[in-house]
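Data block below; observations after.
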Amino acid sequence: MPRYLPPVLTRDDLPEAELCAARLDGEVFELGECFWPVDTFEGAAERGASLAAVLPRRLIAERLTAAWVHGAVSSLPRPLQLAVDTSARYRSPGERVELREVVLEAGDTEVHGGLTVTSPRRTVIDLARFSAGFGDAERMIVAALAAVGGFELADVVEHLQHRRHLPGKLRAAQRLRTA
1 MPRYLPPVLT
11 RDDLPEAELC
21 AARLDGEVFE
31 LGECFWPVDT
41 FEGAAERGAS
51 LAAVLPRRLI
61 AERLTAAWVH
71 GAVSSLPRPL
81 QLAVDTSARY
91 RSPGERVELR
101 EVVLEAGDTE
111 VHGGLTVTSP
121 RRTVIDLARF
131 SAGFGDAERM
141 IVAALAAVGG
151 FELADVVEHL
161 QHRRHLPGKL
171 RAAQRLRTA
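Under the numbering used here, read the sequence shown as residues 1 to 179, first letter to last.
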């Protein structure tokens with residue numbers, strides 16, 4: 001009986017040389033950490049699946065990594081920005097990952113392609129709170145996330161005013177008012 005390859009190929013399925021040859025032949029394209037057939041539509045589910053195939057299930061994509069999954073950033077950021085809920089302590093899986101422990105509320109996450117990802121609203125809040133700078137690039141990312149999530153940035157500022165004990169919320173609100 002023939003063995004069929006999965007639709008998402010990782011370096012565990014085939015040697016990297018085979019995957020690169022298939023990419024050069026135009027049979028697959030690289031998306032995140034995986035390779036996909038060229039006739040695959042690239043959406044949030046596929047971007048999420050490309051990370052879910054190589055990450056432990058309890059890790060959550062956040063900030064720029066979540067923005068990439070949602071389609072607000074064109075290339076996968078390095079290092080990956082991941083989180084783990086404080087109720088599920090976890091050690092960092094390696095140096096290519098920034099890992100934070102976070103407190104999550106209902107509605108703060110979604111699942112795309114088997115990967116838990118912060119929602120567009122939570123991603124906007126985290127980017128506004130934790131980005132070192134907040135220039136044109138960050139403004140474009142949060143605007144794209146608002147479009148994906150179907151909300152206005154003014155709604156996020158209003159939401160922030162009702163959150164208690166949220167470090168960086170004043171800076172986030174100020175940044176989002178000018179975005």
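Every residue, glycine too, gets a C-beta built ideally from N, C-alpha and C.
Whole angstroms is fine: what's the gap from residue i's alpha carbon to residue j's?
{"i": "PRO7", "j": "VAL102", "result": "33 Å"}
{"i": "THR65", "j": "ASP126", "result": "12 Å"}
{"i": "VAL97", "j": "GLU158", "result": "32 Å"}
{"i": "ALA132", "j": "PRO37", "result": "37 Å"}
{"i": "PRO167", "j": "ARG129", "result": "8 Å"}
{"i": "TYR4", "j": "LEU115", "result": "24 Å"}
{"i": "GLY48", "j": "ARG164", "result": "31 Å"}
{"i": "ASP39", "j": "ILE60", "result": "28 Å"}
{"i": "GLU16", "j": "LEU55", "result": "18 Å"}
{"i": "LEU176", "j": "VAL156", "result": "8 Å"}
Mind checking residue i: buried by the 16 CB within 10 Å criterion, or exposed?
{"i": "PHE35", "result": "buried"}
{"i": "GLU138", "result": "buried"}
{"i": "THR86", "result": "exposed"}
{"i": "VAL111", "result": "exposed"}
{"i": "GLN161", "result": "exposed"}
Closest to residue i by CA distance: which of the options is it?
{"i": "VAL84", "options": "GLY71, GLU62, ALA72", "result": "GLU62"}
{"i": "ILE141", "options": "ALA154, HIS70, GLU95", "result": "HIS70"}
{"i": "GLN174", "options": "ARG164, VAL28, ALA154, HIS165", "result": "ALA154"}
{"i": "ARG187", "options": "GLU16, PRO120, ALA179, PRO79", "result": "Examination of residue 187 is not possible in this model, given that the chain is present from 1 through 179 alone."}
{"i": "GLU27", "options": "LEU9, GLY43, GLU33", "result": "LEU9"}
{"i": "VAL117", "options": "GLY135, PHE151, TRP68, ARG164", "result": "TRP68"}
{"i": "ALA106", "options": "PRO77, PHE41, ARG121", "result": "ARG121"}
{"i": "GLU33", "options": "ASP39, LEU19, ASP25", "result": "LEU19"}
{"i": "PRO77", "options": "PRO56, LEU51, ARG58", "result": "LEU51"}
{"i": "VAL148", "options": "ARG177, GLY43, ARG58", "result": "GLY43"}
{"i": "VAL73", "options": "GLU152, THR178, THR123", "result": "THR123"}
At what residues does the alpha helix (DSSP H) containing residue i begin and finish?
{"i": "LEU160", "result": "153–161"}
{"i": "LEU19", "result": "16–24"}
{"i": "PRO120", "result": "120–130"}
{"i": "VAL102", "result": "Not the alpha helix (DSSP H): VAL102 falls in the beta strand (DSSP E), residues 97–102."}
Tell me whether residue i, by its Cβ, gets closer than 7 Å to a heavy atom of the ligand MN.
{"i": "ARG122", "result": "As presented, the structure is devoid of all ligands, the ligand MN included, so that no description of it is given."}
Going by beta carbon distance, what residues of the same chain come within less than 7 Å of residue i, once the five residues before and after it are set aside?
{"i": "GLU30", "result": "ARG23"}
For the beta strand (DSSP E) that contains residue i, what are its first and last residues?
{"i": "VAL111", "result": "109–112"}
Within a Cβ cutoff of 8 Å, which residues of the same chain sit near residue i, ignoring the five residues on either side of it in sequence?
{"i": "SER75", "result": "TRP68"}
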